[in-house]
Structures are given as structure tokens and as C-alpha cells.
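Contents: one structure, followed by commentary.
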Amino acid sequence: MISIEDAVAAVQEKEAAIRTACFDYDNALHHMRQTLRVPDSQELWLSAFTARIKFLNKEYRRQTKNDLQALCMRMRQQYGEKDELGSVMTRFKSKVEAATDMYVESQRLIEELQDSYERGVREQVLTIPVRVLLRRAIPRLRRELTICEHDRAVVASATSDWMPYLRLLISESEMSLFLQTMRLQKLSTDTIEGKAAPVFDCIIKVCKDRDEILLESSRLGLLYESHWQSYGRIAIPHREYLRKIGKFDDLIRRAESQRAAQAINLQDALDLLQIAMTPTSVVLPGGEELQVDKFTEAYGVFVNAHAVCASMTDVSGLFESIHYSSHHVDRL
Numbered sequence: 273m274i275s276i277e278d279a280v281a282a283v284q285e286k287e288a289a290i291r292t293a294c295f296d297y298d299n300a301l302h303h304m305r306q307t308l309r310v311p312d313s314q315e316l317w318l319s320a321f322t323a324r325i326k327f328l329n330k331e332y333r334r335q336t337k338n339d340l341q342a343l344c345m346r347m348r349q350q351y352g353e354k355d356e357l358g359s360v361m362t363r364f365k366s367k368v369e370a371a372t373d374m375y376v377e378s379q380r381l382i383e384e385l386q387d388s389y390e391r392g393v394r395e396q397v398l399t400i401p402v403r404v405l406l407r408r409a410i411p412r413l414r415r416e417l418t419i420c421e422h423d424r425a426v427v428a429s430a431t432s433d434w435m436p437y438l439r440l441l442i443s444e445s446e447m448s449l450f451l452q453t454m455r456l457q458k459l460s461t462d463t464i465e466g467k468a469a470p471v472f473d474c475i476i477k478v479c480k481d482r483d484e485i486l487l488e489s490s491r492l493g494l495l496y497e498s499h500w501q502s503y504g505r506i507a508i509p510h511r512e513y514l515r516k517i518g519k520f521d522d523l524i525r526r527a528e529s530q531r532a533a534q535a536i537n538l539q540d541a542l543d544l545l546q547i548a549m550t551p552t553s554v555v556l557p558g559g560e561e562l563q564v565d566k567f568t569e570a571y572g573v574f575v576n577a578h579a580v581c582a583s584m585t586d587v588s589g590l591f592e593s594i595h596y597s598s599h600h601v602d603r604l
């Protein structure tokens, strides 16, 4: 037998456990509503969210346009006037070609210096100053050549992988076409609702299930307490107690089993904010697909490629200087 007092206390503990099992979801649901800026009323979620995403998408496209135009202006101020695509690219490609030629020439010079050093040592025809100069210079030149090899890869990437982005940054007319194409890809109400409605439907279903669990828990608690309190005795059979308390355990397991689905659904809802960042890429009339977030990186690549070309030119001068010195050091 179980005393009425103990049985009622056990029921109250089970009700509290069920409320606790639902509490984390309530907090997460509140966080979702705050993040998505949707009201408490579930019926208004979809319309409120759609309006929010359309606003964010407009802001995203406006900010992207401003950022790209500012980047274009910086590019033209530094490397050429607007629409001077040919002249800017011609100058850049000339620098790349000159740096590449200098790299090839540096390779030739170091091999010549190495051959001269080895032959001179073997035939004992090198003077001490020349021998010391070459012994110290050749390892340094090889290190510089290794760096130049990496730099040449950087320049090659700028002239191939990044050229579509650079072309738009330099040409005002081509960038205008890109922005116009991007403007045509703004999000529609149907697109937003098509992505958001299934997610919200799942969350609303989970909320309904959770509400049913809480209501059933309260109903059973009130029913059992009232029934037991009406007993003319001070205790109830143990079997009856276990049977009725087991219904609360079923509700707890049901609430716990929903946790994984709840977490997934709420995360899916938060992920919906990403659709505001549309489009992330634009397909040009010629079929090229350009990533919107790659233009800043492309600008950095272009600036770096210019610096690398200058560095390769400086290294080439070092090679020529040492090559010259190796033939004239005795006269200094």
C-alpha cells in the first residue's frame, strides 16, 4: 500500500519533471522568435518572417552594390581610369610577362654561375675573390629563385583564376551589367515562403505535441489527486499506484524523445536567415558564374600580383649584379 500523501507527492514530482523536460525547448523557441523577429502568434510567423527576409535581402544587395562600387573606384584610382580595361590589363600583363622573362633569365644565370664555379674550382682558374663571391652567392640565389617560383605561381593564378573578377573590377560597364543581373535575382515572396513554410510547420507540430504533453500531465495530475483525496482510506494499492504513475513516465519519455527533432527544427529555422544573402553568385550572359564574396579577395590578389612582379624584378637585378661582379670582381 502507498499512502495518499506519498502518492500525491509523487504525481507532483512527475508533473515537475515533465515541465522541466519541456523547459529547454521553450527557451530555445523564445530565442528563435527573437532572432527571426517573429511574433508569439504562430499564425503570423510566415508572413512576418517573409517580410523580414525581403528587407534583409534588399539590404544585402544594396550593401553588396556599394561595396563592389567602392572596390571598383579604388581599383581604378590605383591602376587606371574607368573603362580603361585594355590599358590596365595591358600594363598588368606586360609586368607579368617581364617578370616571367626575368625569372627564366635568372634560372639561366644561376646555372651559368654554378657551371662557372664548378669548372673554375676543378680547373683551379678562379681567383680567391671570385671563388668566395660565388660560394656565398649561389646558395642565396637558389633560395631567392625558390621564392620566385612561388611568386610566379601567384602571378599565374592572378592571370587565370582571378581574371574574370579583375575584368569586372576594372571595367565600369561590365560591373554595371553584373549588378543589373544581381538585381534581377532578388528574392520573391513565393521563394521565401517555399523555404520557410515546411520548417515552421515542423516547429508548430512540435509545439502542439509539447502542449498536448503538458495538458495531459496536468489533467492526469488533477484527476488522480482528486480521486485519491476522495478515498475513504489513507492508502492506495501499490499496483494501482504503479499503473497510474507509469502514465507520467510515458509522458516524460515522449517529451524526451522529441529533443533531437526539436533541436534540428529550431536550427533549421535559424539557418533560414542565410537565404537573405541571395544571390551568393551571379551567372553572366556568357555562362561564367562569379561568387559575390570573391571580389575583395580578387582585388587583394591583383595588388599582391603587382607587388610580386616588382619583387621578381628586384631579384632579377640581384642575379645580374652578382653575375656582373663574378666577371669584374678582380678589377674592383
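Position one of the sequence shown corresponds to residue 273 (the working numbering), numbered consecutively onward. Note that the Cβ used here is the ideal one computed from N, Cα and C, for glycine as well. Just so we're clear, the structure is a prediction, and the values are computed from it rather than from any experiment.
Closest by C-alpha distance to residue i, when choosing among the options
i      : options                        : result
HIS302 : SER553, ILE475, ALA570         : ILE475
GLN607 : ILE506, TYR571, MET549, GLN563 : Only positions 273 to 604 of the chain appear in the structure, and residue 607 is not among them; the question remains open.
ALA532 : GLN284, ASP278, TYR297         : TYR297
VAL574 : SER432, LEU328, TYR375, ARG415 : First, the amino acid is wrong: residue 574 is Phe here, not Val. Among SER432, LEU328, TYR375, ARG415, the Cα nearest to that of PHE574 belongs to SER432.
GLN314 : VAL478, GLN396, ARG526, ALA527 : VAL478
GLY558 : PHE472, GLU277, GLU446         : GLU446
GLU384 : ILE410, ASN338, THR568, GLN284 : ILE410
ARG346 : VAL402, SER378, ARG424, GLU444 : GLU444
LEU538 : THR307, ILE276, ALA279, GLN284 : THR307
ASP278 : GLN396, VAL376, LEU417, TRP500 : TRP500
ALA577 : GLU331, PRO470, TYR351         : TYR351
ARG333 : GLN530, LYS458, LEU542         : LYS458
ASP423 : ARG526, ALA541, TYR375, THR322 : TYR375
MET455 : GLN534, VAL564, GLN379, THR372 : According to the sequence provided, residue 455 is Arg. The question's Met does not apply to it. Checked all of GLN534, VAL564, GLN379, THR372; the closest Cα to ARG455 is VAL564.
ALA541 : TYR513, GLY392, PRO470, TRP434 : PRO470
VAL280 : VAL580, GLU560, GLU512         : GLU512
CYS581 : LYS566, ALA282, ASP373         : ASP373
LYS480 : GLU285, ASP462, GLN530, GLN284 : GLN530
ALA282 : LEU514, GLU560, LEU562         : LEU514
TRP434 : GLY392, GLY572, ASP586, GLU285 : GLY572
ALA289 : LEU562, GLY466, GLU395, GLU528 : GLU528
ASP629 : GLN396, THR322, ILE276         : Here the chain comprises residues numbered 273 to 604, so residue 629 is not present and cannot be evaluated.
GLN284 : ARG412, SER502, ARG491         : ARG491
Helix, strand or coil at residue i [DSSP, three-state]
i      : result
GLU484 : helix
SER460 : coil
VAL555 : strand
ARG603 : Bear in mind that the predicted position of ARG603 carries a pLDDT of just 43, short of 50, making it unreliable; the figure below should be weighed with that in mind. Residue state, collapsed to three classes: helix.
ASP355 : Low confidence applies to ASP355: its pLDDT is 46, below 50, so where it sits in the model is not reliable enough to give any reading.
SER275 : strand
PRO436 : helix
VAL426 : helix
TYR297 : helix
THR399 : coil
ASP522 : helix
TYR503 : coil
ASP387 : helix
PRO411 : helix
PRO311 : coil
GLN452 : helix
SER443 : coil
GLN530 : coil
Nearest-angstrom beta carbon gap, residue j and residue i [assumed within contact, 8 Å]
i      : j      : result
LEU544 : ALA468 : 5 Å
ALA300 : ARG309 : Not really, about 16 Å apart at Cβ, beyond 8 Å.
LEU441 : ALA342 : With a Cβ gap of about 11 Å, LEU441 and ALA342 do not count as contacting.
GLU287 : SER460 : No, GLU287 and SER460 are not in contact; Cβ-Cβ is about 47 Å, not under 8 Å.
ILE274 : ILE524 : Actually they are not in contact, since the Cβ atoms of ILE274 and ILE524 sit about 19 Å apart, beyond 8 Å.
VAL368 : VAL427 : 5 Å
ARG414 : ILE382 : 7 Å
CYS420 : MET304 : In fact, because the Cβ distance is near 54 Å, the residues do not count as touching under 8 Å.
PHE472 : LEU318 : 6 Å
ILE547 : ILE325 : 6 Å
LEU417 : SER366 : Wrong, their Cβ atoms sit about 23 Å apart, outside the cutoff.
LEU340 : PHE567 : 6 Å
Contact test: residue i Cβ vs the ligand GDP heavy atom, cutoff 6 Å
i      : result
LEU545 : As for the ligand GDP, it is missing from this structure, which has no ligand bound.
DSSP beta-bridge partners of residue i
i      : result
ILE508 : ILE274
SER563 : It is worth fixing the name first, because residue 563 is Gln in this sequence and not Ser. According to DSSP, GLN563 bridges with SER553.
(message) Under 8 Å, with one C-beta from each stretch per pair, do the stretch 286-297 and the stretch 475-494 reach the 3-pair mark?
(response) yes
(message) Check whether the stretch 381-391 and the stretch 401-414 are in contact - that is, three or more C-beta pairs closer than 8 Å.
(response) yes
(request) Could you tell me whether the stretch 553-561 touches the stretch 442-455, using the rule of 3 or more Cβ pairs below 8 Å? (result) yes
(request) Mind the definition here: the stretch 433-440 touches the stretch 499-518 only if three or more C-beta pairs lie below 8 Å; say whether that holds. (result) no
(message) Does the contact criterion of 3 or more C-beta pairs under 8 Å hold for the stretch 492-506 versus the stretch 359-377?
(response) no
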